[in-house]
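Below you'll find the structure, written out as structure tokens, and then a few comments.
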Amino acid sequence: MRYGPRMDRPARGSDTPDDIHRRMIERWRAATPDEKLDRMFGMAEMVNELSRARVRQQYPDATPREVQLRLASRVLPRETMIVVWGWDPDVQGR
0 MRYGPRMDRP ARGSDTPDDI HRRMIERWRA ATPDEKLDRM FGMAEMVNEL SRARVRQQYP
60 DATPREVQLR LASRVLPRET MIVVWGWDPD VQGR
């Protein structure tokens, strides 16, 4: 059974050369479950760091706590933010 888009060729409009794409897929298929999980955690951390950098760019004087609250307010319900952290995204921003 195959899930998602075909993996044997780059997506339309991709700038990845075919031979590089093929080698990336081969490496992914050869990876152990632990290696795949490590890669996924690494990618998630990279996305989180990019998100933190974007918030710091928008709010250069934000404390580390404020950066985390602004990020959390983008994915958690407003009511949770208010009850748990006393942060109202509608007032203090996201």
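The opening residue of the sequence shown carries number 0 in numbering that gives the first Met the number 0; numbering runs sequentially from there. Cβ atoms here follow ideal geometry from the backbone N, Cα and C, with glycine treated the same way.
Residue i classed as buried or exposed, judged by whether at least 16 other C-beta atoms fall within 10 angstroms
i     : result
Val54 : buried
Leu68 : buried
Pro76 : exposed
Trp86 : buried
Met39 : exposed
Selection from the options that minimises the alpha carbon distance to residue i
i     : options                    : result
Val83 : Gly92, Val90, Ser72, Arg93 : Ser72
Glu65 : Asp33, Thr31, Pro88        : Pro88
Tyr58 : Ala29, His20, Arg93        : Arg93
Glu48 : Ala29, Asp37, Leu70, Met80 : Leu70
Cβ-heavy atom distance, residue i to the ligand MG, below 6 Å
i     : result
Arg53 : Of ligands this structure carries none, so the ligand MG is not represented either.
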